[in-house]
Structure formats: structure tokens, C-alpha cells
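Protein chains in written order, with our numbering: chain A, 1 to 439; chain B, 440 to 523.
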């Protein structure tokens with residue numbers, strides 16, 4: 001068994017994810033800023049996602065965490081390091097140390113079972129003590145920290161909150177709008193959802209709920225402002241735990257969360273509605289939004305939309321040029337890309353979803369794959385039609401088509417055979433639906 | 440159930456065309472079917488295939504590929520039924 005080498009660096013050259021015409025067949029080379037290189041076997045299942053991820057990070061000037069085989073120099077994994085400050089360590093849990101990072105809403109863990117536990121804990125503790133920016137790399141699904149290192153001098157440090165209180169803790173700058181306007185703003189931002197299996201700019205990674213809410217919120221506020229609708233933001237702090245179909249474990253844990261809000265005219269008064277496609281399919285009242293986040297007594301704070309980040313202690317960071325927003329969106333689009341290319345596959349995850357009425361099965365198809373499903377015992381006298389609806393979001397092109405065939409299994413029963421074709425080069429999930437037109 | 444006509448189309452002899460229609464609620468169960476409006480007896484005039492794109496958590500886009508099976512121009516209606 002050969003050893004592994006880890007490169008944490010910015011990328012200097014990344015070939016397109018299509019197989020290269022030159023060099024060894026099926027193998028392409030990536031070059032890092034410090035001169036090191038690695039090779040990608042384009043036949044590896046996640047190779048194209050790795051190349052796309054490295055390309056996105058290169059374009060944004062962000063580093064990658066790349067695992068390579070020490071002998072062959074072939075890439076075996078790609079992760080996204082977070083440029084953060086360590087603001088808290090909680091050592092009271094028996095199996096892991098909880099690590100609070102800024103800026104990050106997710107709960108991060110340093111498992112006590114990690115072979116590098118002592119070293120990583122020391123690095124985290126030093127970073128916290130000296131308020132030194134670090135690059136922290138974690139497993140995409142579990143948020144288990146696997147690497148901590150100093151931030152290279154050529155990388156910009158994460159923003160330092162100003163320390164001053166937000167100018168407006170309870171702003172009402174946004175003008176009241178009708179529910180119809182709030183709904184159209186929701187549709188506007190939801191329509192910018194990034195493709196889950198191939199997320200590219202300027203898509204918003206709503207289907208990666210683990211982290212990155214402050215970037216999504218700032219982008220949503222920007223999009224609404226372009227339509228002449230001024231929003232505010234609501235920040236929630238607490239021990240947050242949210243059910244979601246877009247994480248393989250069906251839930252995410254947060255220390256805080258943020259989303260844009262609009263004051264909506266309700267009768268003779270106004271009510272604050274939250275625009276948060278990561279949690280809801282429509283605008284919802286602030287209490288509804290807070291109510292699904294698992295903490296019975298959270299702290300809620302309203303600010304203006306210009307606040308990019310508000311720390312739990314009230315310090316704020318602004319991002320008037322949206323440069324930090326774009327970095328956040330790139331980071332979490334890339335996390336989504338890598339998760340979708342991993343063994344978890346793309347969201348949503350069927351184990352997290354209750355089967356809706358009229359849905360017979362959930363299916364998954366690999367890139368350009370065709371599969372056939374059958375369902376038996378249907379009354380032959382019933383008139384039944386079958387349709388297929390993708391659940392994996394990927395705007396831009398058709399994703400699936402299907403054909404139905406029927407077998408008369410007995411005088412009274414029929415079996416339906418539904419052949420579904422994935423028209424895309426990415427894994428997709430879908431619902432197999434039926435309607436009984438006449439019984 | 441309710442029905443409607445979403446578009447009208449025309450195709451030259453043996454031609455294939457693709458239409459898309461967006462902003463449909465993804466939770467609706469919708470079926471699509473084509474009915475020629477130009478009269479020509481004796482043989483089928485069009486067939487079609489439907490594919491779907493999930494555009495967001497709430498909306499989808501239908502892509503309908505229609506094929507003219509005849510050696511003459513054909514016009515047709517693109518009809519839908521919302522089943523549930």
C-alpha cells in the first residue's frame with residue numbers, strides 16, 4: 001500500500017474537465033501556485049467533479065485541499081479548506097471537541113478518535129488564542145476536521161468583524177410590500193438555485209444547507225435590490241438543528257443562521273416574512289422560520305441588508321463590493337459539487353423525504369443511464385398514466401424522459417414497466433408518479 | 440383534473456421540433472399530448488416525447504419534442520392536462 005500526500009495550495013493551472021488530448025491517455029495534470037503538480041485520472045468516478053472544483057477555486061483565488069497518491073501522484077480526493085478564525089472550543093463532549101469557526105454557521109467537530117487529535121487541537125487552540133486566521137479542512141458530510149494549518153501569506157485573511165454594534169438592530173428600512181411581491185421576490189431568488197450536480201456561478205447553492213447562509217442571504221438581498229425591493233435581514237442564534245432532505249443525514253446543525261426579510265402588509269398591519277429557499281418553498285412569517293430551527297428559545301436580531309455578517313456578540317462585517325459574498329458562494333457551490341460527486345450522490349436524499357401522494361417510487365440514475373422499473377398488482381380496469389419528475393435541481397436543460405409499457409398479468413391485474421433515461425452527464429434523482437384517471 | 444392548450448406549433452414534412460414551457464409547479468402531475476389541426480386522413484401525423492427539467496425546488500420546465508410523421512406540413516396544438 002502506498003502512502004498519501006496532501007497539497008493545500010492555490011491552483012495555477014487546471015485543465016478543462018473534458019479528457020485531455022495530450023499527455024498520457026486519460027490523465028491530466030494540475031499545477032499549484034507553489035510549483036507542485038498532481039495528476040487526475042479522468043476515468044476516476046469523481047474526476048470531472050474534482051477538476052471542476054479545482055477550476056472554480058482557481059478562478060476565485062481560493063486554495064484546494066488535494067490528496068494524492070505518493071507514488072503515482074494521482075489525485076484521490078479533493079476538499080475545500082475554509083479560511084476562518086477559531087472563536088470557540090468546547091471540550092465537554094465525550095467523543096469530539098466542538099469547534100466554533102468564524103465565519104461559519106455550521107457546527108464543526110474534532111473527533112477524539114482522529115489520529116492527529118492532539119496536534120490539531122493544539123493548532124486550533126493556538127489560533128483561537130492569537131486570533132490567527134487558519135485554513136481548516138473538514139469532511140464534507142460530517143464536518144469532522146481533518147486538517148488545520150496557518151493561512152498562507154498570499155491569501156487574504158478572513159474578514160475581521162468591526163467590533164462595533166450594528167448600526168440598526170431593529171431596522172425597518174424596507175418598505176412594506178404585498179404578499180404577491182414577497183412571493184415574486186421568493187420566485188426570483190429561488191429561480192437562481194444552482195444545479196445540485198454541476199453548480200456554477202452565479203447559481204446560489206440552496207441545496208447545500210450545511211453552511212454559507214450569510215453569502216446566500218447577501219446575494220438574495222442584492223438580487224431583490226436590483227428589482228427595487230429593499231430587504232432587511234433576520235439573524236437567529238442558538239442551538240439550531242434543522243431537518244432537511246439536502247443533507248445525507250437528513251439534518252444540519254447550526255450555531256446561527258440568517259436570511260433576508262420583507263415587511264408584508266397583512267390586513268391593517270405588517271408582518272415580517274422571511275425569504276429562505278434553503279428551508280421553505282415560499283415566504284414564511286418570521287416565527288414560522290424560527291420555529292423549524294429546533295431551539296425553543298433562540299435569539300433573533302434584525303438588521304439592515306447591508307450587514308454581511310453579524311457575530312453572536314453583535315460585531316458586524318460589511319461587503320459592499322460583494323467580493324466576500326462571491327467567495328462564500330464559490331466555496332459552498334464547490335462543497336455541493338464535491339458532495340454530489342461523492343458516494344452520497346446529489347441531493348435530495350430519498351431517505352429524508354416522505355413519499356408524496358401519487359408517487360410510487362424514488363429512483364436514481366447515473367450519468368446518461370437508462371433504467372427500468374416495474375410495479376405490479378394494478379387493477380387492469382383502471383386507467384392509469386405514469387409521469388416522472390426530477391427531484392435533483394439542475395436548471396438549463398431537460399433531465400429525464402420516460403416510456404411506459406404494460407403487461408397483462410392476469411384477468412384482473414396489470415404490471416407497468418417504466419423506462420427512464422437520464423439525459424444529463426450527472427447523477428439525478430426523480431419521483432415515479434402515477435394518476436388514476438378512472439378506476 | 441383540468442386541461443388546456445399551451446401552444447400551437449407547425450412542422451415541415453418529416454421535421455422534428457422541440458418546444459419548452461417553464462414555470463410549472465413541480466408538485467403538479469401534468470401530462471402532455473399533441474393533436475393535429477391540419478387535416479390529413481389515413482395515417483398518424485405526429486408523435487411526441489416529453490422530458491422534464493427541475494428548475495428549482497418549486498418549479499419545472501417541460502421540453503416537448505414533436506415529430507411530423509408525414510410528407511406534408513402539419514400544424515398542431517400542444518395540450519396539457521393537470522391531473523393532480
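Beta carbons: idealized from backbone N, C-alpha and C, even for Gly.
Backbone CA spacing between residue i and residue j [nearest angstrom]
{"i": "residue 95/A", "j": "residue 197/A", "result": "33 Å"}
{"i": "residue 489/B", "j": "residue 514/B", "result": "18 Å"}
{"i": "residue 27/A", "j": "residue 141/A", "result": "28 Å"}
{"i": "residue 358/A", "j": "residue 431/A", "result": "10 Å"}
{"i": "residue 250/A", "j": "residue 363/A", "result": "18 Å"}
{"i": "residue 12/A", "j": "residue 51/A", "result": "13 Å"}
{"i": "residue 484/B", "j": "residue 444/B", "result": "18 Å"}
{"i": "residue 83/A", "j": "residue 463/B", "result": "40 Å"}
{"i": "residue 57/A", "j": "residue 452/B", "result": "50 Å"}
{"i": "residue 382/A", "j": "residue 403/A", "result": "19 Å"}
{"i": "residue 29/A", "j": "residue 367/A", "result": "24 Å"}
{"i": "residue 4/A", "j": "residue 308/A", "result": "39 Å"}
{"i": "residue 229/A", "j": "residue 174/A", "result": "8 Å"}
{"i": "residue 353/A", "j": "residue 365/A", "result": "18 Å"}
{"i": "residue 156/A", "j": "residue 183/A", "result": "38 Å"}
{"i": "residue 311/A", "j": "residue 258/A", "result": "11 Å"}
{"i": "residue 75/A", "j": "residue 40/A", "result": "5 Å"}
{"i": "residue 200/A", "j": "residue 498/B", "result": "19 Å"}
{"i": "residue 130/A", "j": "residue 248/A", "result": "36 Å"}
{"i": "residue 445/A", "j": "residue 416/A", "result": "This structure does not reach residue 445/A, given that chain A is present from 1 up to 439, and the question cannot be answered."}
{"i": "residue 244/A", "j": "residue 330/A", "result": "22 Å"}
8 Å Cβ cutoff, residue i in contact with chain B
{"i": "residue 326/A", "result": "no"}
{"i": "residue 389/A", "result": "yes"}
{"i": "residue 435/A", "result": "yes"}
{"i": "residue 22/A", "result": "Confidence is the limiting factor: at residue 22/A the pLDDT is only 48, short of 50, which leaves the residue's position unreliable and the question unanswerable from this model."}
{"i": "residue 304/A", "result": "no"}
{"i": "residue 140/A", "result": "no"}
{"i": "residue 332/A", "result": "no"}
{"i": "residue 281/A", "result": "yes"}
{"i": "residue 166/A", "result": "With a pLDDT of 47 at residue 166/A, under the threshold of 50, the predicted position of this residue should be treated as unreliable, and no value is reported."}
{"i": "residue 288/A", "result": "no"}
is_contact[residue i, chain A] using C-beta, thresh 8 Å
{"i": "residue 497/B", "result": "yes"}
{"i": "residue 522/B", "result": "yes"}
{"i": "residue 502/B", "result": "yes"}
{"i": "residue 465/B", "result": "yes"}
{"i": "residue 493/B", "result": "yes"}
Same chain only: Cβ atoms within 8 Å of residue i, ignoring 5 sequence neighbours per side
{"i": "residue 45/A", "result": "341"}
{"i": "residue 186/A", "result": "275, 277, 282 and 283"}
{"i": "residue 455/B", "result": "504, 505, 506 and 507"}
Contact set between residue i and chain A, taken where Cβ atoms lie within less than 9 Å
{"i": "residue 477/B", "result": "Within 9 Å Cβ-Cβ: nothing; residue 477/B doesn't reach chain A, min ~26 Å."}
Own chain residues within Cβ distance below 6 Å of residue i, not counting five before or after
{"i": "residue 226/A", "result": "none"}
{"i": "residue 387/A", "result": "433"}
{"i": "residue 346/A", "result": "196, 197, 340, 392 and 427"}
{"i": "residue 114/A", "result": "none"}
{"i": "residue 206/A", "result": "193, 277 and 278"}
{"i": "residue 437/A", "result": "383"}
{"i": "residue 90/A", "result": "98"}
{"i": "residue 216/A", "result": "204"}
{"i": "residue 419/A", "result": "372 and 403"}
Beta-carbon neighbours of residue i, restricted to chain A and to distances below 7 Å
{"i": "residue 489/B", "result": "401"}
{"i": "residue 470/B", "result": "385 and 387"}
Listed by chain order, chain B residues near residue i by CB distance under 7 Å
{"i": "residue 190/A", "result": "495, 496 and 497"}
{"i": "residue 358/A", "result": "468 and 523"}
{"i": "residue 398/A", "result": "490, 491, 492 and 502"}
{"i": "residue 347/A", "result": "Within 7 Å Cβ-Cβ: nothing; residue 347/A doesn't reach chain B, min ~10 Å."}
Beta-carbon neighbours of residue i, restricted to chain B and to distances below 8 Å
{"i": "residue 425/A", "result": "Within chain B, no residue comes near residue 425/A; the closest Cβ sits about 14 Å away, beyond 8 Å."}
Sequence-distant residues of its chain with Cβ nearer than 7 Å to residue i (five each side left out)
{"i": "residue 288/A", "result": "none"}
{"i": "residue 149/A", "result": "8, 134 and 135"}
{"i": "residue 389/A", "result": "430, 431 and 433"}
Under 9 Å from the C-beta of residue i: neighbouring residues of chain B
{"i": "residue 394/A", "result": "492, 493 and 494"}
{"i": "residue 193/A", "result": "494, 495 and 496"}
{"i": "residue 277/A", "result": "495, 496 and 497"}
CB contact check: residue i to chain C, cutoff 8 Å
{"i": "residue 125/A", "result": "You won't find chain C in this structure, because its protein chains are A and B."}
Q. Whole beta strand (DSSP E) runs in the region 80–166 of chain A with 3 or more residues, listed along the chain?
A. Counting only unbroken stretches of 3 or more residues, the beta strand (DSSP E) elements lying wholly within the region 80–166 of chain A are 82–90, 96–102, 108–111, 134–138 and 145–150, in sequence order.
Q. Of all the beta strand (DSSP E) runs that stay within the bounds of the region 336–388 of chain A, which reach a length of 3 or more residues?
A. 359–365 and 370–379
Q: Enumerate, from N- to C-terminal direction, the unbroken beta strand (DSSP E) stretches of 3 or more residues contained entirely within the region 228–294 of chain A.
A: Within the region 228–294 of chain A, the complete beta strand (DSSP E) runs of at least 3 residues are 232–243, 251–266 and 269–274.
Q: List in chain order: all unbroken beta strand (DSSP E) runs of 3+ residues lying wholly within the region 387–435 of chain A.
A: 400–408 and 413–422
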